[in-house]
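A.B. asks: Each residue of the sequence shown is one higher than the one before, starting from 298 at the first, in the numbering used here.
By construction, the Cβ of each residue, glycine as well, lies at the ideal position given by its N, Cα and C atoms.
Predicted model only: the values in this text are computed from it and were never measured.
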Amino acid sequence: MTTQQQEEKRYDPSDTTLKFVNRRDDLDPLDDDDNNLRAEMSCGHAVTPESLTGWCRSLLDQVLN
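Shown next, in the form of structure tokens:
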């Protein structure tokens, strides 16, 4: 049996399709790492890749359960 290590998610700073912002993550109030890039979603929320993935997973869990 093998274990899979989860790779840390990161935005590509050269991705011109994203608008990066310098403010706290709106979905994860405990995220205080200033080194994390945060993208602004179309709704205006600032998110890290981890918090966005968590939010999407929670929505999928609601649909599947």
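Quick one: is S339 buried, meaning 16 or more other Cβ sit within 10 Å of its Cβ, or exposed?
C.D. replies: As a position in the sequence shown, residue 339 is number 42, starting the count at 1. S339 should be labelled exposed.
A.B. asks: Keeping to the same chain, check which residues put their C-beta closer than 7 angstroms to that of E304; ignore five residues upstream and five downstream.
C.D. replies: Locating residue 304 in the sequence shown gives position 7, counting from the first residue. There are no such residues.
A.B. asks: Skipping 5 residues on each side, what residues in its chain have a beta carbon closer than 8 angstroms to that of F317?
C.D. replies: Here residue 317 is taken as the residue at index 20 of the sequence shown, counted from 1. For F317, where only same-chain residues beyond five positions count, the Cβ hits under 8 angstroms are Y308, P310, L334, R335, A336 and E337.
A.B. asks: Roughly how far, in whole angstroms, is the beta-carbon of L324 from the beta-carbon of W352, given that I think they are within contact range, below 8 angstroms?
C.D. replies: The residue you call residue 324 lines up with position 27 of the sequence shown. The residue you call residue 352 lines up with position 55 of the sequence shown. Confirmed, Cβ separation roughly 5 angstroms.
A.B. asks: In the DSSP output, what is E337 paired with across the bridge?
C.D. replies: Locating residue 337 in the sequence shown gives position 40, counting from the first residue. The partner list for E337 (beta bridge, DSSP) reads A343.
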